[in-house]
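Chains B and Z are the protein sequences, given in the same order.
Just so we're aligned: the first sequence equals residues 0 to 177 in numbering that gives the first Met the number 0.
Just so we're aligned: the second sequence equals residues 0 to 173 in numbering that gives the first Met the number 0.
For every residue, glycine included, the Cβ atom is placed at its ideal position computed from N, Cα and C.
Treat the numbers as computed from the prediction; the structure is a model and nothing was measured.
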Amino acid sequence: MGLLFAAEEGAAGGNGYLIPHVIDEFIWGTVAFSIVLALFLWKGLPAIRAAMAANTARIEGELASAEQARSDAEAELQALTSSLGDAGAEAEAIIAEARQQAVKLEADLIARAEADALESKERARIDVAAQREQALADLRAAVAAQARSAADAVVRNNLDDNTQRSLIDDYISRVGAG
Amino acid sequence: MSNTIDGYASALLSVLRAEGNSGADDEFLRFAQAVEANDELRSTLSDPRIPAATRQQIVEDLLGGKASDVTTAMVSLVVGAGHAADLPQIAKALVNNVAAAGGRALAEVRSAIELSDDQKARLAASLKQATGHDVDVRVTVDPSVLGGIVTTIGDTVIDGSVRSRLAQVKSHLG
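Here's what the structure looks like:
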């Protein structure tokens, strides 16, 4: 830089050095610069450093938060994945149970239908047998009634006076004989 | 048996003793059986709307000349007192009393036809031989017997009727 000042000064027709030909100006400029520099180093630099540190801390905090959020998200993802896995297993279990129930229900229905069919068949057989027995009983009753009527008629027609007296005499004899 | 029936039977037995029982108890029994068998006659003689004198006149018209005066008077007494419906029970109690008064048991005989006196006597003898007691035979003609005889002495029934034999045959026939 000194060379630059000297060149500029030379070009302007100065003392040929980089520093101004008025040394006081140079001195005061240097002092003022030093003061400004000192003030900068004393006040400005710490503030800048503090601001940078704060910014760094903020960024680090944000990074930590982001990391935490990422971790949380990963954990949640893991949980969701696990839940999905559980849900799938549960769904499969439900489907399997439903299938078992369907199979059992089908078997029950078939068994019940077969039992009903057997019962209906047996009931029909019993009904037929009962109707047959009833028909036979009715027939026997009708024949017996006819036979009774015939017996009544035959007896009445054959009980003439002689027979009546004979019956009475026979009765008297049997009673007397003990 | 109710006090009314016993009372009338005892009273009528006294009448028979006083007037002499020449078959009046038998006539009384037969009339009572006729009343029992004839619904119209029984309802007429039992009808309280018909004056007692009218009912007694009916009795006298029916029995007049066919039964003894004692029998007619006894029936008229019962009917006039409004106990025509009790005639069968009173008659049975009366013949029981008559038999018991003579030291005999009453044999109620149901037959399809009337028994001759000889048959009655032989039946009484046979029943005495069977039961060990003298019996007073009272015959009722009952066509439902068909043939033979049914004799009831107290709680004992000796059934020799065709009806019972026929019933046995019917039971076998189902």
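### Message
So the candidates are Z:A83, Z:D133, Z:N20; which of them puts its Cα closest to the Cα of A66 (chain Z)?
### Response
What you label residue 66 (chain Z) is simply residue 67 of the second sequence in a count that begins at 1. Comparing Cα positions, the closest option is Z:N20.
### Query
Exposed or buried, what is L166 (chain B) when buried is set at 16 or more other beta-carbons lying within 10 Å of its beta-carbon?
Here residue 166 (chain B) refers to the residue found at position 167 of the first sequence. Around the C-beta of L166 (chain B), 16 or more other C-beta atoms lie within 10 Å, and the residue is accordingly described as buried.
### Query
Going by alpha carbons, who is nearest to G147 (chain Z) out of Z:T130, Z:E113, Z:R137, Z:Q128?
In the second sequence, residue 147 (chain Z) corresponds to position 148, counting from 1. When each option's Cα is compared against that of G147 (chain Z), the closest is Z:E113.
### Query
Helix or strand or just coil, what does DSSP make of G146 (chain Z)?
Here the question's residue 146 (chain Z) lines up with position 147 in the second sequence. Of the three classes helix, strand and coil, the one that applies to G146 (chain Z) here is coil, per DSSP.
### Query
DSSP three-state call for A51 (chain Z): helix, strand or coil?
Here residue 51 (chain Z) refers to the residue found at position 52 when the second sequence is read from its first residue. A51 (chain Z) falls in the helix class under three-state DSSP.
### Query
Count the other CB atoms within 10 Å of the CB of R57 (chain B); is the residue buried (16 or more) or exposed (fewer)?
Along the first sequence, read from residue 1 onward, the residue named residue 57 (chain B) stands at position 58. Of the other Cβ atoms in all chains shown, fewer than 16 fall within 10 Å of the Cβ of R57 (chain B); this residue is therefore exposed.
### Task
With a threshold of 16 other CB atoms inside 10 Å of the CB of A11 (chain B), please say whether the residue is buried or exposed.
Translated into the one-based positions of the first sequence, residue 11 (chain B) becomes position 12. Its pLDDT being 48, under 50, A11 (chain B) is placed unreliably by the model, and the measurement read from it follows with that caveat. The C-beta of A11 (chain B) has fewer than 16 other C-beta atoms within 10 Å across all chains shown, which makes the residue exposed.
### Message
DSSP has E107 (chain Z) in a bridge; who is on the other side?
### Response
Stepping through the second sequence from its first residue, residue 107 (chain Z) is reached at position 108. In the DSSP output, where bridge partners are listed per residue, E107 (chain Z) has Z:R137, Z:T151.
#### Entry: Per-residue contacts from Q163 (chain B) into chain Z (C-beta, under 7 Å)
For the purposes of this step, residue 163 (chain B) is taken as residue 164 along the first sequence, with counting starting at 1. Here the neighbours are A111, I112, G146.
### Per DSSP, the bridge partner or partners of G159 (chain Z)
For the purposes of this step, residue 159 (chain Z) is identified with residue 160 of the second sequence, where counting begins at 1. G159 (chain Z) pairs with Z:I148.
### Task
Check the Cβ of R188 (chain Z) against every Cβ in chain B and list those closer than 7 Å, keeping chain order.
Within the shown structure, residues of chain Z are numbered from 0 to 173, placing residue 188 (chain Z) beyond reach of any answer.
#### Entry: Proximity to G81 (chain Z) [Cα-Cα], best of Z:S160, Z:S42, Z:R162, Z:V156
Numbered from 1 along the second sequence, position 82 holds the residue referred to as residue 81 (chain Z). Ranked by how close their Cα comes to the Cα of G81 (chain Z), the residues Z:S160, Z:S42, Z:R162, Z:V156 have Z:S42 in first place.
### Task
Give a yes or no on whether the minimum CB-CB distance between A143 (chain B) and chain Z is below 9 Å.
As a working mapping, residue 143 (chain B) is identified with position 144 in the first sequence. It does; some Cβ of chain Z falls within 9 Å.
### Query
Which same chain residues, not among the five before or five after L12 (chain Z), have their C-beta less than 7 Å away from its C-beta?
Along the second sequence, read from residue 1 onward, the residue named residue 12 (chain Z) stands at position 13. Contacts found: L93, N96, V97, A100.
### Task
Give the residues of chain B in contact with Q118 (chain Z), contact being defined as C-beta atoms less than 9 Å apart.
Walking along the second sequence from the start, residue 118 (chain Z) turns up at place 119. Residues of chain B with a Cβ closer than 9 Å to the Cβ of Q118 (chain Z) are, in chain order, R164, I167, D168, I171.
### Message
Tell me the rounded alpha-carbon separation between A176 (chain B) and T53 (chain Z).
### Response
The residue labelled residue 176 (chain B) in the question sits at position 177 within the first sequence. The residue labelled residue 53 (chain Z) in the question sits at position 54 within the second sequence. Roughly 52 Å between the two C-alpha positions.
### Start and end residues, alpha helix (DSSP H) containing I167 (chain B)
Residue mapping note: residue 167 (chain B) aligns to position 168 of the first sequence, counting from 1. Per DSSP, I167 (chain B) belongs to the alpha helix (DSSP H) from 160-176.
### Query
Listed from N- to C-terminal order along the chain, which residues in the segment 148-162 of chain Z have their beta-carbon within a distance smaller than 7 Å of any beta-carbon of chain B?
Answer set for the segment 148-162 of chain Z: I148, I157, G159, V161.
### Query
Where do the N-terminal and C-terminal ends of the alpha helix (DSSP H) with E113 (chain Z) fall, by residue?
Reading the second sequence from its first residue, position 114 is the one you call residue 113 (chain Z). No residue range can be given for E113 (chain Z), since it is assigned to no alpha helix (DSSP H) and is classified by DSSP as neither H nor E.
### Query
Do you know offhand how far L79 (chain B)'s Cα is from D85 (chain B)'s?
Here the question's residue 79 (chain B) lines up with position 80 in the first sequence. Here the question's residue 85 (chain B) lines up with position 86 in the first sequence. Cα to Cα, L79 (chain B) sits roughly 9 Å from D85 (chain B).
### Query
Alpha carbon to alpha carbon, what distance is there between Q133 (chain B) and V134 (chain Z)?
Within the second sequence, the letter at position 135 stands for residue 134 (chain Z). Within the first sequence, the letter at position 134 stands for residue 133 (chain B). In a straight line, the C-alpha of V134 (chain Z) is about 51 Å away from that of Q133 (chain B).
### Query
What is the rounded straight-line gap between the Cα of A31 (chain Z) and the Cα of P142 (chain Z)?
Start at 1 with the first residue of the second sequence, and residue 31 (chain Z) comes out as number 32. Start at 1 with the first residue of the second sequence, and residue 142 (chain Z) comes out as number 143. So the alpha carbons of these two residues sit roughly 17 Å apart.
### Task
Compute the distance between the beta-carbons of A83 (chain Z) and S110 (chain Z), then report whether it is under 9 Å.
Taking the second sequence and counting its residues from 1, the one referred to as residue 83 (chain Z) is at position 84. Taking the second sequence and counting its residues from 1, the one referred to as residue 110 (chain Z) is at position 111. Cβ distance not < 9 Å, so A83 (chain Z) and S110 (chain Z) don't count as in contact.
### Task
For A123 (chain Z), I'd like the list of residues in its chain whose CB is within less than 6 Å of its CB, leaving aside the five on either flank, ordered along the chain.
Indexing the second sequence from 1 puts residue 123 (chain Z) at position 124. Within the same chain, V134, V136 come within 6 Å of A123 (chain Z) by CB-CB distance, once the 5 residues on both sides are set aside.
### Query
Near G159 (chain Z), what residues of its chain come up, given a Cβ to Cβ distance below 6 Å and the 5 sequence neighbours on each side ignored?
For this step, residue 159 (chain Z) is matched to residue 160 along the second sequence. The beta carbon of G159 (chain Z) sits closer than 6 Å to the beta carbons of G147, I148 from its chain, once the five residues preceding and following it are set aside; these are given in chain order.
### Query
Taking the Cβ atom as the reference point for each residue, do Q55 (chain Z) and G79 (chain Z) lie within a distance shorter than 9 Å?
In the second sequence, counting from the first residue as 1, residue 55 (chain Z) sits at position 56. In the second sequence, counting from the first residue as 1, residue 79 (chain Z) sits at position 80. For Q55 (chain Z) and G79 (chain Z), yes; Cβs fall inside 9 Å.
### Query
Would you say D137 (chain B) reaches chain Z, if we count a Cβ-Cβ gap shorter than 9 Å as a contact?
Counted from its first residue, the first sequence places residue 137 (chain B) at position 138. At least 9 Å separates the CB of D137 (chain B) from every CB of chain Z.
### Query
Can you find a C-beta in chain Z that's less than 9 Å from the C-beta of A134 (chain B)?
Walking along the first sequence from the start, residue 134 (chain B) turns up at place 135. Among the CB atoms of chain Z, none fall inside 9 Å of the CB of A134 (chain B).
### Query
Looking only at its own chain, which residues have a Cβ that is under 6 Å from the Cβ of A72 (chain Z), when we skip the five neighbours before and after it?
Taking the second sequence and counting its residues from 1, the one referred to as residue 72 (chain Z) is at position 73. For A72 (chain Z), where only same-chain residues beyond five positions count, there are no Cβ hits under 6 Å.
#### Entry: Closest residue to A104 (chain Z) among Z:L126, Z:L61, Z:R164 (Cα-Cα distance)
The residue you call residue 104 (chain Z) lines up with position 105 of the second sequence. Of Z:L126, Z:L61, Z:R164, the residue nearest in Cα terms is Z:L126.
### Message
Which residues in chain Z have a C-beta closer than 9 Å to the C-beta of A150 (chain B)? List them in chain order.
### Response
The count along the first sequence starts at 1 and reaches residue 150 (chain B) at position 151. Simply L165, V168, K169, L172.
### Query
Around the C-beta of S70 (chain B), are 16 or more other C-beta atoms found within 10 angstroms, so that it is buried, or is it exposed?
Start at 1 with the first residue of the first sequence, and residue 70 (chain B) comes out as number 71. With fewer than 16 Cβ atoms within 10 Å of its Cβ, S70 (chain B) is classed as exposed.
### Query
Do you know offhand how far F4 (chain B)'s Cα is from A65 (chain B)'s?
The residue you call residue 4 (chain B) lines up with position 5 of the first sequence. The residue you call residue 65 (chain B) lines up with position 66 of the first sequence. Confidence at F4 (chain B) is low in this model, with a pLDDT of 48, below 50, so its placement is unreliable and no value can be given for it.
#### Entry: Own chain residues within Cβ distance below 6 Å of T151 (chain Z), not counting five before or after
On the second sequence, residue 151 (chain Z) is found 152 positions in, with the first residue counted as 1. If we look at T151 (chain Z) and ignore the five residues flanking it on each side, its Cβ neighbours are E107.
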